[in-house]
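15 is the number of the first residue of the sequence shown in the working numbering; add one for each residue after it. We treat Cβ as the ideally placed atom computed from N, Cα and C, and that holds for glycine. As structure tokens, the structure follows; a few thoughts come after it.
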Amino acid sequence: MITKLERLLLVLTVLLCTNCVENKEEKVPAPKIVNIVNFIRQLEPRNEEITEDVLYETVHEQIKLMTQYKLPGTFLLQYDALMNPRYQALLKEEIKRGSEVGGWWEITQPHVEAAGLKWRGRYPWDWHADVGFATGYTPQEREKLVDVYMEKFKSIFGKYPASIGSWFIDAHSLAYMYDKYGIVASCNCKDQVGTDGYTLWGGYWNQAYYPSRKNAYMPAQNIDNQIPVPIFRMLGSDPIYQYDNGIGGNLQGVITLEPVYGGAGSDLDWVKWFVKTIAEEPCLAFNYAQAGQENSFTWNVMQKGFEIQMPLLAAYRDSNKIRVETLEESGKWFKKQFPLTPATAFTALTDVRDEGRKTVWFNSRYYRANLLWEGNTVYFRDIHLFDEQYPSDYLTKAGTSNQCVYTTLPIIDGCLWSNAEKLAGLRFKQINKDGSRESLALGTPVVTEPSKGVLQIECKATSGNIFRILFYEDRFEVKCEPITNDFSWVLEFTKASNAPLPFFSIGGKSLDARLNGFDYKIYCKEGHIEIIKDVELPCFHLIPSNNILVVDCTNHPQ
């Protein structure tokens with residue numbers, strides 16, 4: 015027989031064990047990581063006033079300010095800068111302070127000639143893609159460029175670099191750097207259209223991803239087909255306004271954390287808003303931003319922004335709201351946490367311009383999606399699918415154009431399929447009794463993580479109907495809790511009249527598309543797709559079934 019004391023002890027034991035289980039299941043806050051990446055060029059042929067001394071002093075001033083606030087950095091060297099004894103001495107001292115030195119993968123004349131190749135550039139450093147980047151060389155030539163750089167770096171710093179960054183690095187070079195030299199992390203440019211002749215569009219929007227061995231811009235879906243080097247997205251892109259900047263055109267402006275840009279990285283109000291967004295808004299897995307600047311912009315131009323950003327980052331670090339660390343440290347942490355590219359999210363629920371906009375970005379190894387609020391209207395501004403089998407144009411041959419293009423697989427493209435008069439997107443519409451359609455007004459979003467790796471956005475319409483949008487790794491769901499049985503809604507796709515679309519089959523359960531001969535699709539597990547018959551084709555509706563729409567984004571629906 016159990017005594018009262020034994021019964022009491024048993025109850026206490028159960029309560030304590032239950033509490034232990036609950037504590038184990040408590041969510042650990044997602045880390046907010048900032049890398050300060052400064053990459054270094056030896057010369058700047060575009061402006062004769064930017065001498066080698068000016069470039070060196072820029073790096074020196076960056077280091078002085080970062081040292082003042084005890085902020086570690088990642089300094090990435092072009093080959094010609096790597097050869098400069100002044101940078102070698104300066105950065106060896108930085109390594110002692112906890113900073114990292116790695117490689118910046120823009121190709122220069124000394125680098126090419128050291129590899130026994132012929133230089134084709136206009137200047138000793140030429141920013142054209144077919145000369146200044148590895149994509150302009152054959153796969154065999156790329157390996158020679160890697161070997162020469164790695165051995166020179168090791169002879170100076172005593173080890174191979176752990177981090178290699180560039181505006182873009184091809185999959186062959188990146189895989190070779192990992193397979194032979196064991197690099198830990200990489201970084202590439204934010205999404206952009208035409209800037210400096212480089213278009214990278216539709217990729218894993220922020221944070222980091224493991225790339226496909228066929229395409230360094232494309233996240234892989236399987237371990238066997240991925241390069242196990244996380245690529246972090248650079249430059250701290252404005253999540254609301256960067257996407258639409260220069261909409262419908264061939265060239266975007268820049269709204270980023272880069273400290274040289276007015277209205278962005280050199281503007282106190284914008285920087286405060288951006289860092290607060292990184293540190294305090296809802297996210298999945300982790301949040302991320304890259305600060306820093308290449309020395310080509312010179313200290314006079316970047317000083318104001320640097321002096322705004324460094325103390326602010328230090329203050330957030332000191333209050334344990336962000337981690338400021340090297341790219342190598344972030345890469346090692348990422349690889350320890352994630353065997354495959356994780357689902358992540360970046361949210362901005364306030365508008366630095368006070369124009370009533372909010373946004374949510376979701377990324378996974380299968381797709382990315384973006385929701386944009388404008389006042390009380392919300393729409394899918396972007397959906398791109400990822401498929402590791404889609405090869406880049408530069409996988410097996412050298413690029414011959416002075417520009418570079420990397421893309422993924424568009425389903426909704428609110429930038430390239432829009433113009434000033436009409437913005438492309440997938441909009442929430444109410445179907446009236448007479449068959450007419452009108453925009454649904456949805457209130458302030460509430461963003462949560464109901465389970466690990468799942469993002470939920472809940473909005474209440476002015477009519478009282480509640481909408482929930484859930485992003486899973488492989489699909490997204492839109493659900494409505496109507497207050498009346500006769501309420502009817504759809505997601506309606508519209509575009510600019512001259513927008514070229516990739517779709518070749520619309521209707522039933524799938525939306526089928528083709529890009530450069532590669533077929534891809536979305537598939538409705540719940541709901542279906544219909545062409546809209548009373549507007550310019552090919553526009554369509556996603557129609558829910560029993561107020562539920564489930565869209566598979568794996569490109570290989572089961």
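Taking the continuous beta strand (DSSP E) assigned at residue i, which residues delimit it?
i, result
"Thr-508", "503 to 508"
"Ile-562", "562 to 566"
"Arg-247", "245 to 247"
"Val-392", "391 to 399"
"Ile-545", "542 to 545"
"Ala-278", "Premise fails: Ala-278 is in no beta strand (DSSP E) and is neither H nor E."
Just curious, the alpha helix (DSSP H) that residue i is in, first and last residue?
i, result
"Leu-69", "66 to 82"
"Thr-291", "282 to 294"
"Gln-470", "Unbroken run through Gln-470 is the beta strand (DSSP E), 469 to 474; no alpha helix (DSSP H)."
"Glu-388", "Counting along the chain, Glu-388 falls outside any alpha helix (DSSP H), though it belongs to the beta strand (DSSP E) covering 381 to 388."
"Gln-444", "From DSSP, Gln-444 is part of no alpha helix (DSSP H) but of the beta strand (DSSP E) over 439 to 445."
"Glu-369", "From DSSP, Glu-369 is part of no alpha helix (DSSP H); its letter is neither H nor E."
"Pro-424", "Premise fails: Pro-424 lies in the beta strand (DSSP E), 423 to 427, not in any alpha helix (DSSP H)."
"Asn-314", "313 to 332"
"Glu-162", "First, the residue type needs correcting, since residue 162 is Val and not Glu in the sequence shown. From DSSP, the alpha helix (DSSP H) with Val-162 extends over 153 to 171."
"Trp-215", "Counting along the chain, Trp-215 falls outside any alpha helix (DSSP H), though it belongs to the beta strand (DSSP E) covering 212 to 215."
"Pro-124", "123 to 128"
For residue i, I'd like the list of residues in its chain whose CB is within less than 7 Å of its CB, leaving aside the five on either flank, ordered along the chain.
i, result
"Gly-371", "As written in the sequence, residue 371 is Arg, which differs from the Gly given in the question. Excluding residues within five positions, the ones whose Cβ falls inside 7 Å are Ile-254, Asp-365, Leu-386, Trp-387, Glu-388."
"Thr-568", "Tyr-380, Asp-488"
"Arg-528", "Pro-516, Phe-518"
"Trp-313", "Glu-71, Thr-72, Glu-75"
"Val-504", "Lys-443, Ile-445, His-555, Leu-556, Ile-557"
Do residue i and residue j have their C-beta atoms within less than 8 Å of each other?
i, j, result
"Cys-473", "Pro-496", "no"
"Val-274", "Gln-323", "no"
"Leu-85", "Ile-54", "no"
"Ala-278", "Asp-258", "no"
"Cys-201", "Gly-217", "no"
"Lys-204", "Ser-406", "no"
"Val-461", "Pro-296", "yes"
"Leu-341", "Thr-88", "yes"
"Leu-90", "Gly-116", "yes"
"Lys-509", "Ala-438", "yes"
"Val-468", "Phe-485", "yes"
"Gly-196", "Cys-418", "no"
"Tyr-330", "Phe-532", "no"
"Ser-559", "Glu-544", "no"
"Met-248", "Glu-402", "no"
Taking the straight line between their C-alpha atoms, what separation do you get for residue i and residue j?
i, j, result
"Leu-515", "Pro-424", "9 Å"
"Ala-362", "Asn-220", "13 Å"
"Ser-519", "Ser-511", "19 Å"
"Lys-46", "Ala-359", "12 Å"
"Ile-536", "Asp-332", "45 Å"
"Val-392", "Ile-241", "36 Å"
"Trp-133", "Ile-121", "10 Å"
"Lys-335", "Tyr-302", "12 Å"
"Asn-561", "Cys-429", "29 Å"
"Asn-446", "Thr-421", "39 Å"
"Ser-477", "Asn-390", "12 Å"
"Ala-44", "Leu-159", "38 Å"
"Leu-327", "Leu-69", "24 Å"
"Gln-235", "Ser-415", "30 Å"
"Phe-171", "Leu-282", "37 Å"
"Leu-354", "Ile-237", "7 Å"
"Leu-214", "Gly-413", "15 Å"
"Ile-109", "Gly-345", "17 Å"
"Lys-106", "Gln-154", "32 Å"
"Glu-114", "His-142", "28 Å"
"Pro-244", "His-398", "20 Å"
Just to confirm my understanding: we take residue i, look at its own chain, exclude 5 residues before and 5 after, and list those with CB closer than 6 Å. What are they?
i, result
"Val-492", "Ile-483, Leu-563"
"Arg-441", "Tyr-393, Glu-506"
"Gly-260", "Gln-266, Gly-267"
"Gly-256", "One detail in the question is off: residue 256 reads as Gln in this sequence, not Gly. Result list for Gln-256: Ile-269, in chain order."
"Phe-376", "Ala-359, Ala-383, Leu-469, Phe-485"
"Phe-246", "Cys-201, Ala-222"
"Met-164", "Tyr-174, Tyr-195"
"Glu-36", "Because the pLDDT of Glu-36 is 33, which lies under 50, any placement of that residue in the model is unreliable, and the question is left without a value."
I'd like the list of long-range same chain contacts for residue i, defined as Cβ closer than 8 Å, with 5 residues on each side in sequence excluded.
i, result
"Cys-538", "Lys-523, Ser-524, Leu-556, Leu-563, Val-564, Val-565, Asp-566"
"Lys-166", "Tyr-93, Leu-96, Met-97, Ala-128"
"Glu-435", "Ala-510"
"Pro-124", "Tyr-93, Asp-94, Met-97, Pro-138"
"Gly-130", "Lys-158"
"Glu-321", "Leu-79"
"Asn-264", "Val-207, Gly-208"
Quiz item: Quick check: the segment 281 to 295 against the segment 443 to 452, are there 3 or more CB pairs under 8 Å?
Solution: Contact between the segment 281 to 295 and the segment 443 to 452 is absent, because fewer than three Cβ pairs lie under 8 Å.
Practice problem: Would you check if there are 3 or more beta carbon pairs closer than 8 Å linking the segment 177 to 188 to the segment 147 to 154? | Solution: These segments touch.
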